[in-house]
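So our numbering is basically just the index in the sequence shown, starting at one, shifted up by 621. All C-beta atoms, glycine included, are put in the ideal place defined by N, C-alpha and C. Note that this is a predicted model, so its numbers are computed, not measured. Here is the structure we will look at.
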Amino acid sequence: MEKSETSNSKEQNTFFEQEFKLLSDVQSFLEDPNTKEDPKQKLKTLVGSYESLLKQSSKIMKIGDSTQHRLLKTQEALTDSNIMLEAAYMDLKLVTEIGKIITSSLEPKIIIQSVYENTKSIVPMDVLAFGIYDEEKKEIKYKFCVIDGRYVPAPSVDSLEEDNPSSYCVKQQKELITLDIEKDFPNYLADIRKHFGENSQSALYFPLHVEERLIGILTVHSYSKNAFQPNQLNILRTLANYVAIGVDNADAYRTLSKRNKELKDSLEKIEVLNKSIEEERQKSENLLLNILPRSIADRLKGGEGVIADYFPSSTVLFADIVGFSKLTTKIQTPTRLVEILNRIFTEFDVIADKYKLEKIKTIGDCYMLAGGIPVPTEDHAHKAAQAALDMLHRLDELKPELEFEFNVRIGLHTGEVVAGVIGKNKFVYDLWGDSVNTASRMESHGATGRIHVSESVFLALKDKYNFEDRSVIEVKGKGPMHTYFLQGVK
């Protein structure tokens, strides 16, 4: 085309040069009447040159018309291309917006409805359906369909082991496109119309893959033949990719939600189980702490076998219910007897806790506690004395409630002891040493309703408490001892 334009340009230049020369010759002829040339011959020559110029002018005009025509056609083609580009851009923009809606949705039903509502204006579709691939059953389940603008939840199934459009796509690993079902795939006509109605004339089946995994099939139908143009097929292919991603995301979300629910249910069961275990553990812990001091229990749980600790100073208390054996004959039932004894000793437990003293054990109707163990303290004698006074006072308060006359005899002694746990079965925290025997003797050699103490207790508390000097008495197994009765706080 460039060579033709160059040739035309040269012809135009030659024409203008010849025209200028002819005009010059005519002017010279007219201005010089005395020329020696034959005027008739000169005019004949000029006329011939003029006729030649006329022919060239006609040719140049034809070339100009042709060029103008070509320019107009080119302009029209450019305008059409621009219109097509704008339309393609708008389609691409619309498809991108639809893609965002699809990939952000987590419900296949909403995905199909969104595709239909947003695409029906640019692609003629009367049926839009998505079929899920069931690998285990080898079938495509069309659970999500829009037919004639209405969502149709009733599912239909294509077996991949039979000959149908779905199995064709899966086996051939390619899309199925027919603009005339009756002509192209008459063997599929019955299946298609069974699933999607009697009016389908054009049909498209797009296999949906995500990372080479078959997700399902997207199918589009029109009630008209030759319904889909090439650009519309490209739009649907793009949308099919978006649908694959959206449905795969929805499936992943559904699976994750199910697992989260299962995990939540498992965690709740574990929490209930842990709570039950903790309750049982707490019961066992409380039971253990009812038998052993916490520090001793912790040491046993830590693996220590035999525990025996020496304490250079501890105050031991014995409290014995006076005449309890005789009272048993007056109490009607053994159960009532145990209830009364439990009532008294429970009050003694409260007092022991109040002063942070360690209950050692009960022996029949005798109650034993100690201060300064298993954690050494400086004021164990003072706390044991306070506990003894509270025991006398509380028993007096209980007498009307208990219906029988109960009295107590209490003995105290301060000295060194060994405390610990021995054995493996039915173990208890116990005390050993002469101080235990001496405290027991103080109780047995005491007086009803009084607190009998050794001289070591008197020396420890004489500045804060009042005592009655009992002088020296003979104590069984101990010999002569100077003892006192504790009366109260100064």
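Please report the straight-line C-alpha distance between Leu-908 and Pro-914, rounded to a whole angstrom.
Residue numbering aside, residue 908 sits at position 287 when the sequence shown is read from its first letter. Residue numbering aside, residue 914 sits at position 293 when the sequence shown is read from its first letter. The alpha-carbon atoms of Leu-908 and Pro-914 are separated by roughly 11 Å.
Hey, Pro-745 and Glu-796: beta-carbon distance below 8 Å or not?
What you label residue 745 is simply residue 124 of the sequence shown in a count that begins at 1. What you label residue 796 is simply residue 175 of the sequence shown in a count that begins at 1. No. Outside cutoff.
With 16 other CB atoms within 10 Å as the buried threshold, where does Asp-1055 fall?
Walking along the sequence shown from the start, residue 1055 turns up at place 434. With fewer than 16 other Cβ atoms within 10 Å, it is exposed.
For Pro-1101, the first and last residue of its enclosing beta strand (DSSP E)
Position 480 of the sequence shown, counting from 1, holds the residue named residue 1101. First-last of the beta strand (DSSP E) with Pro-1101: 1100–1110.
Given a cut-off of 8 Å, decide if Tyr-737 and Ser-787 are closer than it, judged by their beta-carbon atoms.
Within the sequence shown, numbered from 1, the residue matching residue 787 stands at position 166. Within the sequence shown, numbered from 1, the residue matching residue 737 stands at position 116. Cβ distance not < 8 Å, so Ser-787 and Tyr-737 don't count as in contact.
Output the distance between the C-alpha atoms of Val-996 and Phe-1027, rounded to the nearest integer angstrom.
Numbered from its first residue, the sequence shown carries residue 996 at position 375. Numbered from its first residue, the sequence shown carries residue 1027 at position 406. Cα to Cα, Val-996 sits roughly 33 Å from Phe-1027.
At which residues does the alpha helix (DSSP H) containing Met-1012 begin and terminate?
In the sequence shown, residue 1012 corresponds to position 391, counting from 1. Run containing Met-1012: 1001–1023, per the alpha helix (DSSP H) assignment.
Given that a residue counts as buried once 16 or more other Cβ atoms are within 10 Å of its Cβ, and exposed if not, what is Glu-623?
If you number the sequence shown from 1, residue 623 lands on position 2. Note that Glu-623 scores 49 on pLDDT, short of 50, meaning its location in the model is unreliable; the coordinates nonetheless yield the value given after this. Glu-623 counts as exposed, since fewer than 16 other beta carbons sit within 10 angstroms of its beta carbon.
Measure the CB-CB distance between His-1073 and Gly-1109 and report whether it falls below 8 Å.
Here residue 1073 refers to the residue found at position 452 when the sequence shown is read from its first residue. Here residue 1109 refers to the residue found at position 488 when the sequence shown is read from its first residue. No. Outside cutoff.
Taking the Cβ atom as the reference point for each residue, do Asp-869 and Ile-838 lie within a distance shorter than 8 Å?
For this step, residue 869 is matched to residue 248 along the sequence shown. For this step, residue 838 is matched to residue 217 along the sequence shown. Their beta carbons are not under 8 Å apart, which means Asp-869 does not touch Ile-838 by this criterion.
Kindly indicate which residue of Leu-938, Trp-1053, Pro-1021 and Thr-949 has the alpha-carbon position closest to the one of Ala-1008.
For the purposes of this step, residue 1008 is taken as the residue at position 387 of the sequence shown. Minimum Cα distance to Ala-1008 is reached at Leu-938.
Rounding to the nearest angstrom, what Cα-Cα distance links Thr-876 and Lys-882 in this structure?
As a position in the sequence shown, residue 876 is number 255, starting the count at 1. As a position in the sequence shown, residue 882 is number 261, starting the count at 1. Whole-angstrom Cα-Cα distance: 10 Å.
Under a three-way DSSP split, which group does Phe-1048 fall into?
If you number the sequence shown from 1, residue 1048 lands on position 427. In the structure shown, Phe-1048 sits in coil (DSSP, three-state: anything other than H, G, I, E or B).
For the stretch 843–912, which segments carrying the alpha helix (DSSP H) assignment without a break, of at least 4 residues, lie completely within its bounds, in sequence order?
851–912
Output the distance between the C-alpha atoms of Phe-1106 and Leu-1080, rounded to the nearest integer angstrom.
As a position in the sequence shown, residue 1106 is number 485, starting the count at 1. As a position in the sequence shown, residue 1080 is number 459, starting the count at 1. Cα to Cα, Phe-1106 sits roughly 13 Å from Leu-1080.
Quick check on DSSP: helix, strand or coil for Glu-816?
Here residue 816 is taken as the residue at index 195 of the sequence shown, counted from 1. First, the amino acid is wrong: residue 816 is His here, not Glu. Of the three classes helix, strand and coil, the one that applies to His-816 here is helix, per DSSP.
Sub-8 Å separation of Ala-940 and Tyr-988 beta-carbons:
On the sequence shown, position 319 is the one that residue 940 refers to. On the sequence shown, position 367 is the one that residue 988 refers to. Yes, the Cβ-Cβ distance between Ala-940 and Tyr-988 is below 8 Å.
Would Val-778 and Lys-762 be called neighbours here (beta carbons separated by less than 8 Å)?
As a working note, residue 778 is residue 157 in the sequence shown. As a working note, residue 762 is residue 141 in the sequence shown. Yes, these two residues count as a Cβ contact at 8 Å.
Between Lys-1099 and the rest of its own chain, which residues show a CB-CB distance below 8 Å, the 5 nearest in sequence each way excluded?
In the sequence shown, counting from the first residue as 1, residue 1099 sits at position 478. If we look at Lys-1099 and ignore the five residues flanking it on each side, its Cβ neighbours are Asn-1058, Thr-1059 and Arg-1062.
Which of the three DSSP states is assigned to Ile-984 in this structure?
Looking up residue 984 in the sequence shown gives position 363. Strand, per DSSP.
Have a look at Asp-970 and Lys-885 and give me their C-alpha separation to the nearest angstrom.
Translated into positions along the sequence shown, residue 970 becomes position 349. Translated into positions along the sequence shown, residue 885 becomes position 264. Going by the C-alpha atoms only, they are around 45 Å apart.
Using three-state DSSP, classify Asn-739 as helix, strand or coil.
Taking the sequence shown and counting its residues from 1, the one referred to as residue 739 is at position 118. Three-state DSSP puts Asn-739 in a helix.
Through-space distance from Gly-1044 to Glu-960, alpha-carbon basis:
Taking the sequence shown and counting its residues from 1, one reaches residue 960 at position 339. Taking the sequence shown and counting its residues from 1, one reaches residue 1044 at position 423. Distance between the alpha carbons of Glu-960 and Gly-1044 is about 31 Å.
So Ile-965 and Ile-942 are in contact, right, with Cβ under 8 Å, and what is the actual spacing, rounded?
The count along the sequence shown starts at 1 and reaches residue 965 at position 344. The count along the sequence shown starts at 1 and reaches residue 942 at position 321. Beta-carbon to beta-carbon, Ile-965 and Ile-942 are separated by about 7 Å, close enough to satisfy the 8 Å threshold.
Is Glu-697 helix, strand or coil when you go by DSSP?
Along the sequence shown, one-based indexing puts residue 697 at 76. It is helical.
Taking Asp-1090 as part of the beta strand (DSSP E), name the residues at either end of that continuous run.
Along the sequence shown, one-based indexing puts residue 1090 at 469. Asp-1090 -> beta strand (DSSP E) spans 1086–1096.
Gly-752, buried or exposed, once every other Cβ within 10 Å from all chains shown has been counted against 16:
For the purposes of this step, residue 752 is taken as the residue at position 131 of the sequence shown. Buried, since its Cβ has 16 or more Cβ neighbours within 10 Å.
Taking DSSP's pairing of strands, which residues face Val-1042 in a bridge?
Position 421 of the sequence shown, counted from the start, is the residue given in the question as residue 1042. Answer is Ile-928.
Does the beta carbon of Phe-1027 come closer than 8 Å to any beta carbon on chain D?
You won't find chain D in this structure, because it holds only one protein chain.
Taking a contact to mean a Cβ-Cβ separation below 8 Å, would you say His-842 touches Asp-784 in this structure?
Your numbering for residue 842 matches position 221 in the sequence shown. Your numbering for residue 784 matches position 163 in the sequence shown. No. Outside cutoff.
Distance, Cα to Cα, Ile-813 vs Glu-819?
Numbered from 1 along the sequence shown, position 192 holds the residue referred to as residue 813. Numbered from 1 along the sequence shown, position 198 holds the residue referred to as residue 819. Each residue's alpha carbon lies about 8 Å from the other.
Specify the secondary structure class of Met-622 as computed by DSSP and reduced to three states.
The residue you call residue 622 lines up with position 1 of the sequence shown. Because the pLDDT at Met-622 is just 47, under 50, the model does not fix this residue reliably, and the value given afterwards should be weighed accordingly. DSSP places Met-622 in coil when its eight states are reduced to three.
Kindly identify the DSSP beta-bridge partner or partners of Leu-835.
Taking the sequence shown and counting its residues from 1, the one referred to as residue 835 is at position 214. Beta-bridge pairing links Leu-835 to His-830.
Taking contact to mean 3 or more Cβ pairs, one atom from each stretch, closer than 8 Å, check whether the stretch 943–956 and the stretch 1015–1030 are in contact.
yes
What are the boundary residues of the beta strand (DSSP E) that includes Val-767?
For the purposes of this step, residue 767 is taken as residue 146 along the sequence shown, with counting starting at 1. Residues 760–768.
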